[in-house]
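Structure first, commentary second.
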Amino acid sequence: MEENKKILFVVNKTKTNAEVIAKRLAELAQANSIDYEICDEFPVPENVFKNKDICCVIGGDGTILSCVPPIVKNNLPVFGINLGKLGFLATYTEKITDEEFLTLVNGQRRILERALLETVYEGKRYIALNDLVLKDVRLDGISKFSITADNEFIATYTGDGLIFSTATGSTAYNLSAGGPIIHPKGRVFAMTPICPHTLSNRSLIFDYGAQIKIECVSGESALISDGKKVATLTQGSKVEISMLSNTLKFVRMRGHSHFAILRNKLGWADDPRKKDR
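Counted from 1, the sequence shown has number 212 at position 211 by our numbering; the numbering is strictly sequential.
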């Protein structure tokens, strides 16, 4: 059996019962000779992720997304207790049992690797688990972007912006904008226009090795990484986007089903094979 020496609990104390759940799970860890540290600061200090073996995020998908860079930097597997709304990333609930928790930390679990996107702008690098978005900051504004892939010109896109989405983020903003759902094992990422002026401008799928270059031809757009604005683009600004070789590792129970989560979270029809006949 694999044994983890120390677990980090990242607690979003603005969520109801988050601190109560953290206390219960911390006591369970201690009773099973697992060291722990609880952090309820926000933003979460990067140094708390050092010298840990696993991370349990108690909050929701947004709390997990806020921790992605240091989690990836320290190569920590992570799982989440969802106290938010959808819970695509934080897949466990506050009703998680003692057995389930200990299995996730030390037992016969699964490690699912999720792809990441990286953007480079003015020498700074930003990592995204869900998506990188270029979106016009003005209520009545329109932005125009020139796009190339592997130095081959694709087109100039005019509209409210662009979404570059991983498979993980394909069920988020990308889906709302009419983009495709991508299976997590797919080594691809999507570019989906937001309200394009040319109706034939639809989503494009790029393979994992594609190097995307974007030039802001006109307009003023925010560069947003996993929901956080990191820069403002103006005419002449250039951005590069590619898929990282690193991945983020999610811990799941054996028997975890991606499609079961989609059926549950997106309200799809139940599996008729499981109904009594």
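Glycine included, every Cβ here is placed at the ideal spot set by N, Cα and C.
The continuous stretches of beta strand (DSSP E) do not include A168, and DSSP gives it neither H nor E.
Setting aside the 5 residues that flank it on each side, L66 is surrounded in the same chain by L130, N131, D227 and G228, each with a C-beta closer than 7 Å to its C-beta; the list follows chain order.
Each of T92, F146, I35 and G61 was checked against the Cα of I213, and the nearest Cα belongs to F146. Nearest to F165 by alpha-carbon distance, out of R115, V11 and M244, is M244.
The residue from L9, T94, K186 and E241 with its alpha-carbon nearest to that of C68 is L9.
With contacts defined as CB atoms closer than 7 Å, T120 and V12 fail to qualify as a contacting pair. In this structure, I148 lies near I215, with their beta-carbon atoms less than 7 Å apart. For R188, the closest C-alpha among the options S171, L200 and S177 is that of S171. Comparing alpha carbon positions, the residue from R110, K250, V138 and S177 closest to T193 is S177. In this structure, DSSP gives P46 a state outside helix and strand, which the three-state scheme calls coil. For the set L84, E114 and L234, the Cα lying nearest the Cα of L163 is the one of L234.
Around V79, the same chain offers I55, C56, C57, V58, I65, C68, I72, L249, K250, F251 and V252 as residues with beta carbons nearer than 8 Å, after the five sequence neighbours per side are excluded.
The criterion of a C-beta distance shorter than 7 Å is satisfied by G160 and P197.
Just so you know, the alpha carbons of E95 and I82 end up roughly 6 Å apart. Here T157 is actually not in contact with F190; their C-beta atoms are around 20 Å apart, not less than 8 Å. The criterion of a C-beta distance shorter than 7 Å is not satisfied by A232 and K136.
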